[in-house]
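Notes follow once the structure below has been shown.
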Amino acid sequence: MPYTTVDGQRVFYACHASPTPESPSLILVHGAGGSHLHWGAPIRMLPGADVYALDLPGHGRSEGAGHETIAGYAAFVVAFMDALHLQQAVVAGHSMGGATALTAALNDPQRVAGLVLVGTGARLRVLPRILEGTLNDFENTVELICRYAYAPHAPREMVYRGRQQMRTVAPRTIHADFAACNAYDVMERLGEIRCPALVIVGTEDTLTLPKYSSFLAEHIAGAELKLVEGAGHMVMVEKAGEAAGAIAAALARWNL
Ligand code: COA
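So that you can map any letter, position 28 of the sequence shown is 177 in the numbering used here, and since no number is skipped, the others follow by simple counting.
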């Protein structure tokens, strides 16, 4: 599995090349305290795109500390594209990763060919219990986040794996991620987005309400909304096949 160097630090990404030449590049950006494994295998191995599922700095197998702001993560994604000599890519982001993707499209529109916004919003205020608990009561707060993150009927094993993964991220990094989400707000800027966009949300998402996704779809010109019945915030692992199908169909329609 490959690594590259961004800002002097080793960054891990899982890469799956499309069997079809001239396919668009698709970068997958995970959420707060996550890793590339937050994307189910059908998405990481989506046919019809060269897929790069990265670990943000300080997460998964990537070195360094996390960034303090969403703009910092957005600049990191563009620097990652530079490191891989990708002139343009579709950027897919989950939760904090969606905020990162949107901010990259606002700050570097010529680099973002399309957006896939999964379980996210134009503003992501965070419960004080999560914000403070990541610093003061780490284990219980990870437990709480994972309880909210999956629909009640999600397989126990899936929730267990999610919790184990989150525990490997430093508390200060997870705290900084949620603080970055809490300070982020692009509600007034969605009209500036010019690239095609697909918005995906689970109908049982309690961390980023379906209402947030409706707002994105209503305010980004031409955006499409895909509601995934019965999925929670982790829709891209809970119902990976359905989410992958929606992304593949959108990429085919966009014909980039
Ligand atoms: N898109 C559309 N509407 C949004 C929005 C978004 N991204 N973010 C907030 N709003 C709406 C809210 O629904 C609310 O509308 P209402 O007054 O009609 O109910 C209004 O804007 C203000 O909401 P918010 O900015 O969130 O402030 P708040 O003080 O009402 O609530 C929290 C703060 C933390 C309680 C709340 O944001 C919450 O429950 N968050 C989800 C849990 C969480 O921590 N998620 C983690 C995200 S990374």
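Glycine included, each C-beta is placed from N, C-alpha and C at the ideal position.
Opening and closing residue of the beta strand (DSSP E) in which residue 262 lies: 261-267
Rounded distance between the beta-carbons of residue 326 and residue 247, thought under 8 Å: So it is not a contact: roughly 13 Å between Cβ atoms.
Residues bridged to residue 412 (per DSSP): The question about residue 412 has no answer here: the residues shown for the chain are numbered 150 through 405.
Boundaries (first-last residue) of the beta strand (DSSP E) holding residue 356: Where residue 356 is concerned, there is no enclosing beta strand (DSSP E), given that its DSSP letter is neither H nor E.
Within-8 Å CB hit, residue 201 to chain C: The structure shown has no chain C; it contains just one protein chain.
Straight-line gap, residue 285 to residue 171 (C-alpha atoms, nearest Å): 49 Å
Nearest-angstrom Cα separation, counted from residue 204 out to residue 244: Cα-Cα distance, rounded: 14 Å.
Coarse secondary structure for residue 314, derived from DSSP in three states: If DSSP states are grouped into helix, strand and coil, residue 314 belongs with the helices.
Best match in 173, 189, 234 for proximity to residue 154 [C-alpha to C-alpha]: 234
Under the three-state DSSP convention, the category residue 164 falls into: Residue state for residue 164 is assigned as strand, using DSSP reduced to three classes.
Contact set for residue 168: own chain, Cβ-Cβ below 8 Å, skip 5 residues either direction: So the list reads 196, once near-sequence residues are dropped.
Residue 381 CB to nearest heavy atom of the ligand COA below 7 Å: Residue 381 Cβ: outside cutoff for every heavy atom of the ligand COA.
Among 175, 160, 224, 159, the one whose alpha carbon lies nearest that of residue 166: 175
Residue 412: CB within 7 Å of a non-hydrogen atom of the ligand COA: What is shown of the chain runs 150 to 405, which leaves residue 412 out entirely.
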